[in-house]
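For the sequence shown, position 725 (counting from the first letter as 1) is numbered 776 according to the working numbering, and the numbering increases by one without interruption. Positions of the beta carbon are idealized from the N, C-alpha and C atoms, including for glycine. Here the structure is a predicted model, which means the values were calculated and not measured.
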Amino acid sequence: MNYAIRRNTSCSLTAAVGLLSFSLGVSGADFCVGNSRDLQNALVAATTNGEADRIALVKSTYAGNFRYESAEGQALELLGGYDPGCRSRTVDPTNTKLIGAGNGEVFTFTGGPGAGFTLEGVTVSGGNPTSEYLGAGLNVFTSSEPLVEVLLNQNRFADNSGTGAYIDADGVIVSNSSFEDNAGGGVSVSGGIVGVNIANNSFSRNQGAGIGIYASHGYAILTGNRFSDNGGGASVSGFGCGATFSDNSFTGNGTAESSGHAISVDCYRGSAVLNRNRLVGNQGGGAYVDAGGGGTATLIGNRFFNNAAPEYGGGAYVTTWAGRSTITNNRFVGNVATMGGGAIYVESAFFTTLTNNRFVDNETAGYGGGAYFSAYTDENILTNNSFTGNLAGDGGGLGLYVQSNNTVLSNNLFWNNAATGNGDDLWIDNDPDGDLLPSQPVLMHNAFDQAIPAGFYVTDPIRLDPSNMDALDPVFGDEDQHLSARSPMINAGDRSAPALPMADIDGDPRIAGRTVDIGADEYVALTVDFGADGLWHYDETWRQLTNWDPGAAGITGWTNGLAADFDDAGLWGCEGMLTSRDPGDVIEGWSGGLAVDFDSDGLWNYNGARWIRLTTWDAEEMAWWSDGLAVDFGADGLWIYDGSDWTRLTTWDAGDGGMSAWSGGLAVDFDAEGLWSYDGTKWSRLKAWDVGSGGMSAWSGGLAVDFDADGLWSHDGARWTRLTTFDARDALNGWQGSLAVDFDAAGLWSYDGLVWRWLSARDADAMSDAELNQALTPHGRPDATCTSSQRVELP
Numbered sequence: 052m053n054y055a056i057r058r059n060t061s062c063s064l065t066a067a068v069g070l071l072s073f074s075l076g077v078s079g080a081d082f083c084v085g086n087s088r089d090l091q092n093a094l095v096a097a098t099t100n101g102e103a104d105r106i107a108l109v110k111s112t113y114a115g116n117f118r119y120e121s122a123e124g125q126a127l128e129l130l131g132g133y134d135p136g137c138r139s140r141t142v143d144p145t146n147t148k149l150i151g152a153g154n155g156e157v158f159t160f161t162g163g164p165g166a167g168f169t170l171e172g173v174t175v176s177g178g179n180p181t182s183e184y185l186g187a188g189l190n191v192f193t194s195s196e197p198l199v200e201v202l203l204n205q206n207r208f209a210d211n212s213g214t215g216a217y218i219d220a221d222g223v224i225v226s227n228s229s230f231e232d233n234a235g236g237g238v239s240v241s242g243g244i245v246g247v248n249i250a251n252n253s254f255s256r257n258q259g260a261g262i263g264i265y266a267s268h269g270y271a272i273l274t275g276n277r278f279s280d281n282g283g284g285a286s287v288s289g290f291g292c293g294a295t296f297s298d299n300s301f302t303g304n305g306t307a308e309s310s311g312h313a314i315s316v317d318c319y320r321g322s323a324v325l326n327r328n329r330l331v332g333n334q335g336g337g338a339y340v341d342a343g344g345g346g347t348a349t350l351i352g353n354r355f356f357n358n359a360a361p362e363y364g365g366g367a368y369v370t371t372w373a374g375r376s377t378i379t380n381n382r383f384v385g386n387v388a389t390m391g392g393g394a395i396y397v398e399s400a401f402f403t404t405l406t407n408n409r410f411v412d413n414e415t416a417g418y419g420g421g422a423y424f425s426a427y428t429d430e431n432i433l434t435n436n437s438f439t440g441n442l443a444g445d446g447g448g449l450g451l452y453v454q455s456n457n458t459v460l461s462n463n464l465f466w467n468n469a470a471t472g473n474g475d476d477l478w479i480d481n482d483p484d485g486d487l488l489p490s491q492p493v494l495m496h497n498a499f500d501q502a503i504p505a506g507f508y509v510t511d512p513i514r515l516d517p518s519n520m521d522a523l524d525p526v527f528g529d530e531d532q533h534l535s536a537r538s539p540m541i542n543a544g545d546r547s548a549p550a551l552p553m554a555d556i557d558g559d560p561r562i563a564g565r566t567v568d569i570g571a572d573e574y575v576a577l578t579v580d581f582g583a584d585g586l587w588h589y590d591e592t593w594r595q596l597t598n599w600d601p602g603a604a605g606i607t608g609w610t611n612g613l614a615a616d617f618d619d620a621g622l623w624g625c626e627g628m629l630t631s632r633d634p635g636d637v638i639e640g641w642s643g644g645l646a647v648d649f650d651s652d653g654l655w656n657y658n659g660a661r662w663i664r665l666t667t668w669d670a671e672e673m674a675w676w677s678d679g680l681a682v683d684f685g686a687d688g689l690w691i692y693d694g695s696d697w698t699r700l701t702t703w704d705a706g707d708g709g710m711s712a713w714s715g716g717l718a719v720d721f722d723a724e725g726l727w728s729y730d731g732t733k734w735s736r737l738k739a740w741d742v743g744s745g746g747m748s749a750w751s752g753g754l755a756v757d758f759d760a761d762g763l764w765s766h767d768g769a770r771w772t773r774l775t776t777f778d779a780r781d782a783l784n785g786w787q788g789s790l791a792v793d794f795d796a797a798g799l800w801s802y803d804g805l806v807w808r809w810l811s812a813r814d815a816d817a818m819s820d821a822e823l824n825q826a827l828t829p830h831g832r833p834d835a836t837c838t839s840s841q842r843v844e845l846p
């Protein structure tokens, strides 16, 4: 056994998301070991030396059943990948292996109060547990007082005859590790009062669940993990617990005979948040979320494809009972449930909103092929959802069990759904208790088959507002069910609908024209400034709007359609010429109207009827996001205007790469300081690189950013992905779920997340995804034809 130098340092172990953070004073010994006997001897010595210890493992295979048991509250680090002499190291779990010997667990750590544990760069395999409650590979037991941290990083747990690892501790971080082919589950965690952070791990082919977490009154965060072909995916449970799942992938987990959901959250009076997860082909059901007793459930931007549940909710089952459920921007495609809710089953007695969700080709033999919704009391809102091609026994598109008069359906699209019983599109039981006092759900501006009872079934008659459209073909433009320019759903919705979101399911403005469209998708075409070749409109075919070349302030969409700066020819929009004055650096559509910079004359806003000056300051960049209008005033910093008041976000000056609203908040280029994002409460740096001339844009894949010679990248909220090594030049723009990118001489291209498609050989100067509300003459000045409004000059 080799002793290296004594240590007297201070180290910090910090969770990637900032969940756990503390400093641990270390004054201990280093051990450098190269065989099984020396490892066990080092463990014995470390238990009683009264010091925090680090054991460096030379690259090798260590066979045995290793144990560390100490009443001392000292930390232990077990680190693999060292070269002989332990002076250099390569962290790779395949080069350092702990292998079980006979019957017993491979490694067990039992620490006293305050004893932390770290395992890094090691493979643990071949364990055979002596109890069903233990991990076959690794066991970690720490005292709850004081709070400590257990860190597992870059390890591999494989081929154990039971669960790969069991951890009983207050604060747990598991990152960049793999759990595969274990006869039990991947890892089991108990405790988590401080928190559990599971990030960027792989769980595959474990006979039990990939991970199970019990965190009563604690919180678990799972980010960027991959779960495939396990007996179940990931579960979090405990009274008052909380769980956030973000950017995880679940494929092929569970079996038809089990309830091994891909995601399972059972947190009575707790909370569950699911953001941007992908659940595909899971046979025990997609997600199960139970936050009853007044908890909350939030599902945003997830994809549920081809999952199957043996009972309810093929894609997702959600219940909060006396709590709040928010289900927004999710895609449910090809899911199956035997008894009800082919895509999703929602049970609520308080407040539930479903907005901007798309339900396609889901199926159940029971009620609600797309969705089944039990709305017992209080307020329940369904706004701008799309139900197409779903199949059920009753309620092919949607089944509603309604006891509340505060249930409102607005701007929802139903098309081509089918039921073997009643209600191809919509089935409503509005007197479920049979007391002859039916509830009166409100239906406004929906599109569905109103033939009773085949298309629309309701147990007791309700009044149908004439704003509802009867069995109209939505005329989709593509297989992803974006509206085409000929769709009758365009501008047919109600802009005052409750819970109307700012953006549609693709991240495009929710109101791109005169009013909101019906369904999850807002129709937006691509308008492109080709410089001397004029302004053009693209909707699968190109059409020139005018041969005028837009000026420095460019083009933007706003509530009245498209607005364009034509330099000395003035500012034009749906109403014709909005003003003869030449805008300065930037124009931006936002919820308050059209914001226009007039250089030294300040920043003005046009609401469709009159101009109002917002400030005398000169704006350099603008972006509309959820909190209002963000404006860069150069040396005066970055400010936000909410319609009445200005608030400064930072004294920093935004750079040439501009800024953009996206799902993570407001992204801003600060030149040499890098790219940052503001979520409404705090700033976080996304990347240290300086944004290039192409700028940035939100799209269905997250935030697309040009980094000049480093290529075009996209950030999905968890990680960066390079889309191409080509340098995007003057413009990029998200539209209809895709990303349009200008590559100068290489032309204009579109990327849908899988395939690049060439759109034009022309070099674009600027782009906008606004709905075109006016017909502009092909070869000459813009021609106002959409309204009879007169030009209103600046006062």
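- Sequence-distant Cβ neighbours of Arg-780 in its own chain, meaning closer than 7 Å and more than five residues away, are Ser-744, Gly-745, Asp-793, Phe-794 and Asp-795.
- Relative to the Cα of Ser-631, the nearest Cα in the group Thr-302, Ser-651 and Asp-616 belongs to Asp-616.
- If you look at Thr-776, you'll find it isn't in any beta strand (DSSP E); DSSP assigns it neither H nor E.
- Around the beta-carbon of Phe-438, 16 or more other beta-carbon atoms lie within 10 Å, marking it buried.
- The beta carbons of Tyr-113 and Thr-98 sit about 18 Å from each other, so the pair does not count as a contact at 8 Å.
- In this structure, DSSP gives Arg-88 a helical state, which the three-state scheme calls helix.
- In the three-state reduction of the DSSP assignment, Glu-231 falls in the strand class.
- Under the three-state reduction of DSSP, Gly-391 is assigned to strand.
- For secondary structure counted as the beta strand (DSSP E) over 3 or more consecutive residues, the region 427-455 holds these complete runs in sequence order: 431-434, 437-439 and 449-453.
- As summarised for the region 468-550, there are no continuous alpha helix (DSSP H) elements at least 4 residues long confined to that stretch.
- Residue burial is scored here from C-beta neighbours: Lys-148 has at least 16 other C-beta atoms within 10 angstroms and is therefore classed as buried.
- In terms of CA proximity to Thr-379, Arg-327 leads the group Arg-327, Gly-798 and Trp-372.
- Contact between Met-553 and Pro-539 does not hold, since their C-beta atoms are separated by about 24 Å, which reaches or exceeds 8 Å.
- Within the model, the alpha-carbon separation for Gly-303 versus Glu-156 is close to 29 Å.
- In the three-state reduction of the DSSP assignment, Ser-714 falls in the coil class.
- C-alpha of Ser-182 to C-alpha of Gly-235: approximately 12 Å in a straight line.
- Taking a contact to require three or more Cβ pairs closer than 8 Å, the region 335-354 and the region 362-375 qualify as touching.
- Within the region 691-752, complete beta strand (DSSP E) segments of at least 3 residues are found at 697-701, 710-713, 716-720, 726-729, 734-738 and 747-750, given in chain order.
- If one requires a minimum length of 3 residues, the beta strand (DSSP E) runs lying completely within the region 608-684 are 612-616, 622-624, 627-630, 638-641, 644-648, 654-657, 662-666, 672-676 and 679-683, in chain order.
- Scanning Leu-799, Tyr-802 and Gly-709 for the CA closest to the CA of Phe-758 turns up Gly-709.
- Here Phe-208 is bridged, per DSSP, to Val-175 and Phe-230.
- Taking C-beta separations shorter than 8 Å and ignoring five residues to either side along the sequence, the partners of Trp-807 in its chain run Thr-775, Trp-800 and Ser-801, following chain order.
- In terms of CA proximity to Phe-230, Ile-262 leads the group Ile-262, Asp-693 and Gly-321.
- In terms of CA proximity to Ala-107, Asp-134 leads the group Ala-96, Asp-134, Gln-125 and Asp-803.
- Under the criterion of beta carbons closer than 8 Å, Asp-555 and Ser-518 do not qualify as touching, at roughly 20 Å.
- Counting every other CB atom within 10 Å of its CB across the protein chains shown gives Pro-164 a total below 16, marking it as exposed.
- According to DSSP, residue pairing for His-312 in a beta bridge does not occur.
- Put simply, the region 596-610 touches the region 641-648. At least three CB pairs are less than 8 Å apart.
- Per DSSP, Gln-595 is one residue of the beta strand (DSSP E) stretching across 593-597.
- By the C-beta criterion, the region 440-448 is judged to be in contact with the region 390-397, since at least 3 inter-stretch pairs fall below 8 Å.
- In this structure, Ser-111 keeps its C-beta atom at 8 Å or more from the C-beta atom of Ile-150.
- Sorting Glu-671, Glu-430 and Ala-817 by C-alpha distance to the C-alpha of Leu-586 places Ala-817 at the top.
- Straight-line measurement puts the Cα of Asn-116 at about 17 Å from the Cα of Ile-218.
- Contact between Asn-252 and Asn-211 is ruled out by a C-beta separation of about 16 Å, above the 8 Å threshold.
- Three or more beta-carbon pairs separated by less than 8 Å are not found between the region 279-291 and the region 714-723, which leaves the two stretches without contact.
- In the same chain as Gly-506, and ignoring 5 residues on each side of it, the C-beta atoms closer than 6 Å to its own belong to Asp-475, Asp-476 and Asp-500, in chain order.
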